[in-house]
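In mature numbering (1 follows the signal peptide of the UniProt record, and there is no 0), the protein residues as written are -27 to -1, 1 to 43.
Heads up, the beta-carbon is just placed ideally off N, CA and C, and yes, glycines get one too.
Because the structure is a prediction, the values reported are computed rather than measured.
Have a look at the structure below, then the notes.
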């Protein structure tokens, strides 16, 4: 049995309010140096990257999409 939309919206809003006020998150001291992010005195190296799909060559495009053929 589905809840009516008029009831669902206030219930969802109340649940979000409770979660926001419950202190689920934890504060941390975050700084950085020339190589890493320092979170509460512990160095964390963050590695990220990206691919510009339109610039990839057709011979490697099958690695990016399961729908494309090799």
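- Message: Could you pull the DSSP bridge partners for residue 5 from this structure?
- Response: 10
- Query: Per DSSP, residue 15 forms a beta bridge with which residues?
  - Reply: 12
- Is residue -13 helix, strand or coil when you go by DSSP? If DSSP states are grouped into helix, strand and coil, residue -13 belongs with the helices.
- Using CA coordinates, which residue listed in 2, 17, 1 is at the minimum distance from residue 8? 17
- Message: Less than 8 angstroms between the beta carbons of residue 20 and residue 10, yes or no?
- Response: Here residue 20 is not near residue 10, since their CB atoms are 8 angstroms or more apart.
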